[in-house]
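Novice: According to the numbering used here, the sequence shown holds residues -19 to 33 in order. Ideal Cβ placement from N, Cα and C applies to all residues, glycine included. Given the structure is predicted, the values throughout are model-derived calculations rather than measurements. Below you'll find the structure I mean.
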Amino acid sequence: MDATSRFCSYCGKEQLTCGTPYYDRGAIEILKERYARGEISTEEFQKMKREVA
């Protein structure tokens, strides 16, 4: 297991993406993740993106 894998394993419960703490993610990044998971529609994504930009 390399250092990156160990880091991701160690921090996995506190992070959603390796190397980026949950609390450091911006609103746009969260929107992109929600859109990619299918939680919001294209229209909702575009509207929310305009509102936070």
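#1: Within the continuous alpha helix (DSSP H) that includes Arg17, where are the two ends?
#2: How many whole angstroms separate the CB atoms of Ile8 and Lys29, which I take to be in contact at a CB cut-off of 8 Å?
#3: State buried or exposed for Arg(-14), treating a residue as buried only when at least 16 other CB atoms are found within 10 Å of its CB.
Specialist: Reading off the structure:
#1: By one-based count along the sequence shown, residue 17 stands at place 37. Counting along the chain, Arg17 falls outside any alpha helix (DSSP H), and DSSP gives it neither H nor E.
#2: As a first step, residue 8 must be located in the sequence shown, where it is residue number 28. As a first step, residue 29 must be located in the sequence shown, where it is residue number 49. About 7 Å separates the two Cβ atoms, so the contact holds.
#3: Within the sequence shown, the letter at position 6 stands for residue -14. Summary for Arg(-14): the model assigns pLDDT 46, below 50, so the residue's position carries little reliability; its value from the coordinates is reported in the next sentence. Looking at its Cβ environment, which holds fewer than 16 other Cβ atoms inside 10 Å, Arg(-14) is exposed.
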